[in-house]
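Peer 1: To start, I am sharing the structure in question, which I have written as structure tokens.
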Amino acid sequence: MMKLIFLCILFAVLSCKDLSLKNNVNEPTVYSKIDSTKSKDTLSIGLPNNLKEFISKTGDLWLQSWTKNEPNFNLNDFSQEFKKSFSYEWEDYNRDSFVTLDEFTKESKFGWTVDLYSYHTVIESVQNISFGVDQKVYIYTDNQIMDFLTLGSDESIEDAFWLNDGKKLVLLGYYNDGKIKPIIWWFDFTKKEEVRYINSSISAPERNPFIVDYLINR
Numbered sequence: 072m073m074k075l076i077f078l079c080i081l082f083a084v085l086s087c088k089d090l091s092l093k094n095n096v097n098e099p100t101v102y103s104k105i106d107s108t109k110s111k112d113t114l115s116i117g118l119p120n121n122l123k124e125f126i127s128k129t130g131d132l133w134l135q136s137w138t139k140n141e142p143n144f145n146l147n148d149f150s151q152e153f154k155k156s157f158s159y160e161w162e163d164y165n166r167d168s169f170v171t172l173d174e175f176t177k178e179s180k181f182g183w184t185v186d187l188y189s190y191h192t193v194i195e196s197v198q199n200i201s202f203g204v205d206q207k208v209y210i211y212t213d214n215q216i217m218d219f220l221t222l223g224s225d226e227s228i229e230d231a232f233w234l235n236d237g238k239k240l241v242l243l244g245y246y247n248d249g250k251i252k253p254i255i256w257w258f259d260f261t262k263k264e265e266v267r268y269i270n271s272s273i274s275a276p277e278r279n280p281f282i283v284d285y286l287i288n289r
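If you're matching positions, the sequence shown starts at 72 in this note's numbering and goes up one per residue.
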């Protein structure tokens, strides 16, 4: 029952988010602890083969969510949008005070967990439920947490995977500038380097809430 209630709330949030995109397509992304200055155009660089292979094996549900409505979707069509360095800061916290749902967390073998849809993002108050179009991505350990990414209404992260040969994180989602385009975001926490890839060959008019299918099929 709790999952169903949360699913309904999240569906409403994503619907509000898609509606707000029509009026806020130029709203910038807000990066938490990340330099927002983009590098020069690097769209001639494609998705590395090892990353394509990894996503093909682990991100099959996300891939199917695109190919179901976009039969021409292909990982070979992703191009590097930007590459830059980033920084991050840990803060102490009480794990018991941070409420999450397991469906939206991915734990690594080295003790880091990424949380895509915490209650802190969707429900601001237990007594007074309210909705917003922003999304926060948290990463935490047993006793530390970082508020890693804050995304505006023009971007959404839908799934995440850890690579265990070093502290590396892959985020899967989309960007909306009036048309919805898939994005793949790669973070290397050892090198403190991030690279984002975008598939500009896909320009979908709308995006079905991936998280709904994700919960149903998981």
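Just so you know, even glycine gets a beta-carbon here, dropped at the ideal spot from N, CA and C.
(1) Quick check on W184: does DSSP put it in helix, strand or coil?
(2) Going straight from the alpha carbon of T129 to that of Y164, what length do you get?
(3) Short of 7 Å in beta carbon distance, which residues of its chain neighbour L116, apart from the five on each side in sequence? Order them along the chain.
(4) Excluding the 5 residues flanking K111 on each side, which residues of the same chain have their C-beta closer than 8 Å to its C-beta?
(5) Roughly how far, in whole angstroms, is the beta-carbon of E229 from the beta-carbon of L240, given that I think they are within contact range, below 8 Å?
(6) Report yes if the CB atom of F125 is closer than 7 Å to the CB atom of R267, and no otherwise.
(7) What do you reckon, are the CB atoms on I136 and F232 nearer than 7 Å?
(8) One question on the structure: do I216 and W183 come within less than 7 Å of each other, judged by their Cβ atoms?
(9) Considering just the uninterrupted stretch of the alpha helix (DSSP H) at L222, what are its terminal residues?
(10) Assign E277 to one of two classes, buried (16 or more other C-beta atoms within 10 Å of its C-beta) or exposed (fewer than that).
(11) Where do the ends of the alpha helix (DSSP H) carrying S179 lie?
(12) So which of D186, K207, Y159 and F157 has the shortest CA-CA distance to G223?
(13) So what does DSSP say about K238, is it helix, strand or coil?
(14) Does the Cβ of E225 have 16 or more other Cβ atoms within 10 Å, making it buried, or fewer, making it exposed?
(15) Look at the Cβ atom of K238, then the Cβ atom of F260, and state whether they are nearer than 7 Å.
(16) I need the straight-line Cα distance from N94 to Y246, nearest angstrom please.
Peer 2: With the structure as the only source:
(1) Your numbering for residue 184 matches position 113 in the sequence shown. With the sequence shown as reference, residue 184 is identified as Thr, and Trp is not the correct amino acid for it. Looking at T184 - three-state DSSP - the assignment turns out to be strand.
(2) Locating residue 129 in the sequence shown gives position 58, where the first residue counts as 1. Locating residue 164 in the sequence shown gives position 93, where the first residue counts as 1. Spanning the two alpha carbons is a distance of roughly 31 Å.
(3) For this step, residue 116 is matched to residue 45 along the sequence shown. The question names Leu, but residue 116 in the sequence shown is Ile. Excluding sequence neighbours, I116 sits near S150 and Q151.
(4) In the sequence shown, the residue the question calls residue 111 occupies position 40. Here K111 scores only 46 on pLDDT, less than 50, and its place in the model should not be relied on; the value that follows carries that caveat. Here the set comprises nothing.
(5) The residue you call residue 229 lines up with position 158 of the sequence shown. The residue you call residue 240 lines up with position 169 of the sequence shown. Not quite, the Cβ-Cβ distance comes to about 14 Å (not below 8 Å), so this is no contact.
(6) By one-based count along the sequence shown, residue 125 stands at place 54. By one-based count along the sequence shown, residue 267 stands at place 196. Result no, Cβ atoms of F125 and R267 do not sit closer than 7 Å.
(7) The count along the sequence shown starts at 1 and reaches residue 136 at position 65. The count along the sequence shown starts at 1 and reaches residue 232 at position 161. First, the residue type needs correcting, since residue 136 is Ser and not Ile in the sequence shown. If you check the CB distance, S136 and F232 do not come in under 7 Å.
(8) Start at 1 with the first residue of the sequence shown, and residue 216 comes out as number 145. Start at 1 with the first residue of the sequence shown, and residue 183 comes out as number 112. No.
(9) Here the question's residue 222 lines up with position 151 in the sequence shown. First-last for L222: Q215 to L222, but that is the beta strand (DSSP E), not the alpha helix (DSSP H).
(10) Within the sequence shown, residue 277 is the residue found at index 206, counting from 1. With fewer than 16 other beta carbons inside 10 angstroms of its own, E277 counts as exposed.
(11) As a first step, residue 179 is located in the sequence shown; it is residue number 108 there, counting from the start. Looking at the DSSP string, S179 is not in any alpha helix (DSSP H), and its letter there is neither H nor E.
(12) Numbered from 1 along the sequence shown, position 152 holds the residue referred to as residue 223. Checking every option, the nearest Cα to that of G223 belongs to K207.
(13) For the purposes of this step, residue 238 is identified with residue 167 of the sequence shown, where counting begins at 1. Residue state, collapsed to three classes: coil.
(14) By 1-based counting over the sequence shown, the position of residue 225 is 154. It is Asp, not Glu, that sits at residue 225 in the sequence shown. By the 10 Å Cβ count, D225 comes out buried.
(15) Mapped onto the sequence shown, residue 238 falls at position 167. Mapped onto the sequence shown, residue 260 falls at position 189. Yes, Cβ-Cβ distance for K238 and F260 is below 7 Å.
(16) As a position in the sequence shown, residue 94 is number 23, starting the count at 1. As a position in the sequence shown, residue 246 is number 175, starting the count at 1. With a pLDDT of only 40 at N94, under the threshold of 50, the placement of this residue in the model should not be trusted, and no figure is reported.
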